[in-house]
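Notes for the one structure printed next.
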Amino acid sequence: MKTNSTLVSFQGVQKTYDGVSLVVRDLNLDIEKGEFLSLLGPSGSGKTTTLMMLAGFESPTSGDILLAGQNITRTPPHKRNFGMVFQNYALFPHMTVAANIAYPLTVRKVSGADLEQKVKRALDMVQMGAMGGRYPAQLSGGQQQRVALARALVYDPQLVLMDEPLGALDKQLREHMQIELKALHRRLGVTFVYVTHDQSEALTMSDRVAVFNEGVIQQIDQVDRLYETPANRFVAGFVGDNTVLNGKVSAVEGGQCVVELAGGVRLRGINVNQARVGAEVQCSVRPERIELVDAGQAPLGSSLPVLLSDIIYFGDHLRLRCGFAGQPELTVKQTLSQMHALQSGQALILHVPPEHMRVYS
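Sequential numbering from 1 applies to the sequence shown in our numbering.
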């Protein structure tokens, strides 16, 4: 059911380029006014095609796209009045920063004092008020990205679309710009739709994230729920670090189940897909949720004996790589206080809290 806060609505949208394989399949998605929504997924998952259909650069093979209740499926891009920011910035090299930002206004026949005021406001918005007279070649990558953003915001669009806009920046600058973009979004209250393949970027900036795979939204949720309660194996593996155990369901108890691993070890977890006794399942737990305990301290049904194979120093935490017969290598995150208490080859007991272990059939 649509609400008054729904700005964009995809209704049964599908897209194919060759008439055979669907790049986007039966997409039903509502974008709320003022939210920061990220479309997250691997290459070829359909996220960029979805953005391009919203922008008007691609047309759906079937289905409709509504903007504030009005059908815009066949409306050309220049009549949608959306701001766009791309990875390559697409700035005009022969024009100053101010002229680049003014360009969308001149196209819309804005001139004189009104134009100058809007350009100044846009420059101040991205903290580049003193750089209007410079040319793109005189700017750093981060500054060029800000100019592209100012150009997208200068005419007060109701929607800003971004396609991997920080992808060309180095790690430190990219992380800085993520924080700035989020702060700018909160200040302006404009709706942002942001495409990325970087899950940490999506978690850092978004109100909600739609995770795409093979043309289908696997899960759309607030960032904390997406991370803590992934809906299926794909989301659990794609969003955040993930420690995986394979086993077979030996008992079902309400919303939980008991999973038997090789060697008869049993662990309890949340039965996400209602797997039945005897089903082959995959258990997923975030590495920071796993605890080290002394022998005999872990409650029955949540302890796992492992061999510590490696300790990796990450600056703000330790990452332990552990082995257990018949399983993929396990990853455990620990605080730096454990650094001198651990050594490779050591036998450890891991406590895997049932409330944090999710079992997928």
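All C-beta atoms in this analysis are idealised placements derived from N, C-alpha and C, irrespective of residue type, glycine included.
Which listed residue (VAL235, GLY141, PHE36) has its alpha carbon closest to that of LEU161: Taking the sequence shown and counting its residues from 1, one reaches residue 161 at position 161. Selected option, being the one with the closest Cα: PHE36.
Identified DSSP bridge partners for ARG358: Translated into positions along the sequence shown, residue 358 becomes position 358. Looking at the DSSP output, ARG358 sits in a beta bridge with ILE270, SER284.
Start-to-end residues for the alpha helix (DSSP H) that takes in GLN368: The structure shown does not extend to residue 368, since the chain is modelled only from 1 through 361, so no value can be given for it.
MET150 and MET125 closer than 8 Å at C-beta: If you number the sequence shown from 1, residue 150 lands on position 150. If you number the sequence shown from 1, residue 125 lands on position 125. The sequence given here has Ala at residue 150, not Met. Yes, these two residues count as a Cβ contact at 8 Å.
As assigned by DSSP and simplified to three states, the class of LEU292: Mapped onto the sequence shown, residue 292 falls at position 292. In the structure shown, LEU292 sits in a strand (DSSP, three-state: E or B).
Inter-residue Cα distance where the pair is SER302 and LEU51: If you number the sequence shown from 1, residue 302 lands on position 302. If you number the sequence shown from 1, residue 51 lands on position 51. Approximately 43 Å, taken between the alpha carbons.
Under 8 Å between C-beta atoms of LEU54 and VAL209: In the sequence shown, residue 54 corresponds to position 54, counting from 1. In the sequence shown, residue 209 corresponds to position 209, counting from 1. No. Outside cutoff.
CB contact flag (ASP26, GLY12, <8 Å): For the purposes of this step, residue 26 is identified with residue 26 of the sequence shown, where counting begins at 1. For the purposes of this step, residue 12 is identified with residue 12 of the sequence shown, where counting begins at 1. Cβ distance < 8 Å, so ASP26 and GLY12 count as in contact.
Secondary structure of HIS369, DSSP reduced to three states: The question about residue 369 has no answer, for the chain in this structure spans 1 to 361.
Range of the contiguous alpha helix (DSSP H) that encloses ALA231: Here residue 231 corresponds to residue number 231 of the sequence shown, with the count starting at 1. From DSSP, ALA231 is part of no alpha helix (DSSP H); its letter is neither H nor E.
For ALA98, the first and last residue of its enclosing alpha helix (DSSP H): Taking the sequence shown and counting its residues from 1, the one referred to as residue 98 is at position 98. Its alpha helix (DSSP H) spans residues 97-107.
Buried or exposed (CB count within 10 angstroms, at least 16 for buried), MET88: Numbered from its first residue, the sequence shown carries residue 88 at position 88. Here residue 88 turns out to be Asn, not Met, going by the sequence shown. Looking at its Cβ environment, which holds fewer than 16 other Cβ atoms inside 10 Å, ASN88 is exposed.
Opposing strand residues paired with ASP163 [DSSP bridges]: Residue mapping note: residue 163 aligns to position 163 of the sequence shown, counting from 1. Note: ASP163 sits in a beta bridge opposite PHE86, VAL195.
C-alpha distance - GLN366 paired with ARG321, whole-angstrom precision: It is not possible to answer for residue 366, since the shown part of the chain is limited to 1 through 361.
Contact under 8 Å by Cβ, GLN219 with ALA231: Working through the sequence shown from its first residue, we reach residue 219 at position 219. Working through the sequence shown from its first residue, we reach residue 231 at position 231. The answer is yes: Cβ separation under 8 Å.
Close-in-space but distant-in-sequence residues of the same chain around MET1 (CB under 8 Å, 5 per side omitted): As a first step, residue 1 must be located in the sequence shown, where it is residue number 1. Its pLDDT being 44, under 50, MET1 is placed unreliably by the model, and the measurement read from it follows with that caveat. None.
Residues near PRO76 by beta carbon distance below 8 Å, same chain, minus five either side: To locate residue 76, count along the sequence shown from 1; it is residue 76. Excluding residues within five positions, the ones whose Cβ falls inside 8 Å are GLY56.
The stretch 212-227 in contact with the stretch 308-324 per 3-pair CB rule at 8 Å: no
GLU164 classed as buried or exposed, judged by whether at least 16 other C-beta atoms fall within 10 angstroms: Numbered from its first residue, the sequence shown carries residue 164 at position 164. Flag for GLU164 reads buried.
Sub-8 Å separation of ALA295 and VAL249 beta-carbons: Within the sequence shown, numbered from 1, the residue matching residue 295 stands at position 295. Within the sequence shown, numbered from 1, the residue matching residue 249 stands at position 249. Their beta carbons are not under 8 Å apart, which means ALA295 does not touch VAL249 by this criterion.
Selection from GLY34, PRO60, PRO299, GLY69 that minimises the alpha carbon distance to ASP18: As a first step, residue 18 is located in the sequence shown; it is residue number 18 there, counting from the start. Checked all of GLY34, PRO60, PRO299, GLY69; the closest Cα to ASP18 is PRO60.
Euclidean distance between Cα positions of GLN143 and MET205: As a working note, residue 143 is residue 143 in the sequence shown. As a working note, residue 205 is residue 205 in the sequence shown. Roughly 19 Å separates the two Cα atoms.
For ALA152, the nearest candidate out of VAL285, GLY83, GLU288 (CA to CA): The residue given as residue 152 occupies position 152 in the sequence shown. Of VAL285, GLY83, GLU288, the residue nearest in Cα terms is GLY83.
ASP224, DSSP secondary structure in three states: Counting from one through the sequence shown, the residue named residue 224 turns up at place 224. It is helical.
Classification of GLY189 by the beta-carbon crowding that lies within 10 angstroms, buried from 16 upward: As a first step, residue 189 is located in the sequence shown; it is residue number 189 there, counting from the start. Exposed.
GLY132 and ALA98 closer than 8 Å at C-beta: As a working note, residue 132 is residue 132 in the sequence shown. As a working note, residue 98 is residue 98 in the sequence shown. Yes, the pair counts as a contact, with Cβ atoms nearer than the cut-off.
CA-to-CA distance, HIS197 to ALA102, given in whole angstroms: Indexing the sequence shown from 1 puts residue 102 at position 102. Indexing the sequence shown from 1 puts residue 197 at position 197. Rounded to the nearest angstrom, the gap between the Cα atoms of ALA102 and HIS197 is 31 Å.
Inter-stretch contact at 8 Å, needing at least 3 Cβ pairs: the stretch 302-316 / the stretch 253-273: yes
THR16, DSSP secondary structure in three states: Translated into the one-based positions of the sequence shown, residue 16 becomes position 16. Three-state result, THR16: strand.
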